[in-house]
Structures are given as C-alpha cells and as structure tokens.
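Residue numbers (full-length UniProt numbering): 1 to 429.
Built from N, CA and C at the ideal position, the CB exists for glycine as well.
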Ligand code: NAD
C-alpha cells in the first residue's frame, strides 16, 4: 500500500502541468486501456474465474467486453463530449460569448467493490481519463486475483505520471481518504458509502456513491410464468446473486406464486442442471465471510415462498442466490410496499397491463435499464446512492461544468451603462 503523499503529489504536479488536458493525451490513455483489455483478456478471465468462478463467457459479457465498449464509445465521442456548450444569452450578455466548458476536476479517487471487479473498477476509470483527470485507483482487496492484475499489469499501459493503483482494505483506504482529492467515485455498500462521504466532507470534495439495496420485482397475474421465471432466474442467480441490480425479492399474488414456483424450478434446472453446485455456469460466493453472512445462505439457487417482510432475509440486501417471494393483493399494494421503503437502485415489473410502467406513481417505476446511453443509476439516496455514470454521463460526472463569459474589452462604452453611481439610471436606458 502506498497512500503516501509522494504518489499523490506526483499526480497533482502532472495535473497542474496541463499534461492530461489535450484530447490527444486523453485518447492515448483510452487506447492504452483498450489495449490492456485486449492483450490481457485471458489473464483477466483467469483472475475472474479464481475470484468468483466466473465462466469465460460470463466474464467477457459482464466485465471485459462491457469495459471495451465503454472505451470505444469514449474514443468515438471524445471530441464531441469535450466541446464547449453555447448557452442562450440575455440583455447583459448579448455582446459576450457565453458557454459551458467541461474541465477535469484534477486528482480523482476511484474506490471499487469485488463483485464485478473489472467492470466496476475500469468503467469509472474510462470516464475519469476521458475527462482529463489524474487518477488513483483503489480496487477491492477481496477479489484478489483481479486486484493483482490491475495493480501489476494495468500501470504498464497507462502514463504513470498521472495514474496510480493503491492497494489495501478498510484501514488503508481510510488512510487514503484522509488526503484531499478533487473528486471521489465510490462503488460499494451503503455502510462504507457513509464513511467515504464523511471523509470527503472534511475536504468538501464532491462524490459519486454507487451503493446497493433491495430491488423489488413485481409480477402481475397476467404474465406468462415461464417467461418471468427465466428472466428473474437469470438476473437473480447471475454471478451467484452478487449483483447490485439483481431482483432481490418478488411481490405477487398467492396464485401467481403457485404458478411461478414450478416455472422457477424448471428455469434453475435448465440453467444449472440437477446439481447446481457442480455447474460450471454458477459462480461462487466471494469468500467464507460473505458465505456465512446469513445462516440461510446456500451456494445453490434457492426460492423462498410466503415470506413476510419482518423476516431476516427482508432486512438487508441479500447479495446471494436466494429469491424470497412475498404475497401482495395487486399492483396498488405492491406500489405501497415499495414506496414505504428506501428508493431502490433497480425495480422490475412484469405485466401485460399498460398501467404498470414508468409513469406509475411514487418511485414504483420500471428502473432496470443498463446501457452506456442512459445514466446509471441516478440520484437515489440511501439505497442507490448519488450521482450517475456510463458513457457521456461518466464524462460529465468527472468534469466540472464551468460557466464561462468572454466579454470584449473594446465594448467599454456599452458597459458603462452598468457602472455606479446609479442616481441618473433612468437617463441611461
Ligand atoms: P464495500 O463497501 O465493503 O467495499 C467497497 C470498497 O470500499 C472496497 O474497495 C473496500 O476496500 C473499501 N472499504 C471497505 N471498508 C472500508 C472502510 N471501512 N473504509 C474505507 N474503505 C472501505 O462493498 P463490497 O462488499 O466490496 O461490494 C458490495 C456492495 O457494493 C453491495 O452493497 C452492492 O450492492 C454494492 N454495489 C453497488 C453497485 C452499484 O453500481 N450501485 C455495484 C456493485 C456493488
């Protein structure tokens, strides 16, 4: 671990020199990141297999290719994203040029979790580099295989005068957070999110917090149970349930529960065979501590029926392959149930009824939509966090939007109208 002032000082000096600002430099770093992903694909796949028993396909799909797409998008759009944005003028600014300039913040800290250790570390990095910042990357100490590749191989690709990887767990990250950064981007649990925000507050550093929570999944009576079961099972058991946007629990009527249960059993055995624990397509819980988090936590996909909201499994994010089903009497009760809780990071609704959709009241909205063209996840408070990223939203997150007004010095006569004393103001207009 080297949270030393020296490393941070070096990065700060680079930023002050202006080295990271030109589009050419930013593009060179993004290209280098793309090369890192391509040339070390196998190494990353092996690390993901060691950390989470991810299959090569799952690792490619949810981590490596996703990052590569993000790099490609940033490279394609960098010049457009960097352009000054003209703004409408008023009477006083009519003769000036008024625009918004997107400037890098300076020294950025990115703190990442272990569940998608490539994706959630490198996608924020793409945005930070595209926006022209210097970056300290703090990968999760828990996904050790990936942490090693990121610490040992990635710095060989990026310009080390403006990029550093710092290693460590809670204690070392706490020390790192004592330093002043110009922006902090954190992905992890709400508990640690509060620690990060408190540390940032000491320096009044702006933050993005990508947190977790319980994501409801409402299933209407009119749905085809097998279609719902296939989709819910995929997202609930993908990465062994260790996905921040996975459906955490189902809300449906007792009749729909009765239809869903055999459909879920069928989906699970088709996806993972009769002995899912031996399936090469089901990963593993990251470590013993997380496996032990709740006595209920099995390694294999599990469905719990007739669950009440007072039961332990409903008190915090599950982050494992368990799917509780709670009974509600219709859409209104489901919306009420959801609205009485923290605003969820993601929300799933299955229905053929056009009444069930993004326009329905409160925060009971369809909210699961992940591509680089939409913001992820938006401002959601204690459960989802604050800030947004992916694609251009990442670029904007890591840029200060500076208001600029260029006033011409040869128009002094016109300016005089604004100068005191104002006793004769009605003769000026
Ligand atoms: P975590 O909060 O335990 O750790 C995240 C990072 O914070 C790690 O790098 C860790 O080293 C550091 N950290 C841990 N304790 C710390 C402390 N006391 N002080 C300073 N730093 C500390 O989260 P995790 O277990 O790695 O990840 C799982 C959580 O992340 C879940 O809650 C999940 O929902 C959430 N998550 C959110 C998103 C999202 O995009 N919103 C994505 C993935 C995971």
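Just checking residue i against the ligand NAD - is the residue's beta carbon closer than 7 Å to any of the ligand's heavy atoms?
i	result
residue 319	yes
residue 116	yes
residue 112	yes
residue 244	yes
residue 189	yes
residue 173	yes
residue 385	yes
residue 54	no
residue 430	Summary: the structure shown does not reach residue 430, with the chain confined to residues 1 through 429, and so no result is reported for it.
residue 177	yes
residue 109	no
For my contact list, residue i and residue j are in at a C-beta cut-off of 8 Å; report their separation, rounded to the angstrom.
i	j	result
residue 10	residue 161	7 Å
residue 71	residue 34	4 Å
residue 398	residue 128	5 Å
residue 327	residue 309	Not confirmed; about 11 Å, so no contact.
residue 53	residue 283	4 Å
residue 153	residue 40	6 Å
residue 325	residue 304	7 Å
residue 395	residue 130	5 Å
Among all the DSSP beta bridges, which residues are the ones paired with residue i?
i	result
residue 386	209
residue 85	100
residue 186	111 and 209
residue 402	101
residue 327	252
residue 170	Looking at the DSSP assignment, residue 170 forms no beta bridge with any residue, so it has no partner.
residue 258	Beta-bridge pairing links residue 258 to no other residue.
Just tell me which of the options has its CA closest to the CA of residue i.
i	options	result
residue 148	268, 335, 45 and 282	45
residue 356	340, 220 and 279	220
residue 272	163, 233, 254 and 245	233
residue 4	168, 204 and 325	168
residue 290	319, 103, 67 and 29	319
residue 278	258, 286 and 300	300
residue 166	426, 7 and 392	7
residue 145	206, 136, 47 and 27	47
residue 86	76, 99 and 77	99
residue 331	404, 403, 222 and 262	222
residue 341	316, 38 and 123	316
(message) If contact is defined by three or more beta carbon pairs under 8 Å, each pair taking one atom from either stretch, is the segment 98-113 in contact with the segment 166-183?
(response) yes
(message) Could you check whether the segment 147-166 touches the segment 80-97, counting it as contact only if at least three pairs of C-beta atoms, one from each stretch, sit closer than 8 Å?
(response) no
(message) Using 8 Å as the cut-off, can you tell me whether the segment 238-253 makes contact with the segment 213-228, which would need three or more C-beta pairs spanning the two stretches below that distance?
(response) yes
(message) Would the segment 87-104 count as touching the segment 404-421 if we require 3 or more Cβ pairs under 8 Å?
(response) As far as the Cβ criterion goes, the segment 87-104 touches the segment 404-421, which means the pair count is three or higher.
(message) Is it the case that the segment 180-187 contacts the segment 202-214, given that we only count it when at least three CB pairs across the two stretches are under 8 Å?
(response) yes
(request) Specify whether the segment 53-69 and the segment 193-201 touch according to this definition: at least 3 beta carbon pairs, one from each stretch, less than 8 Å apart. (result) no
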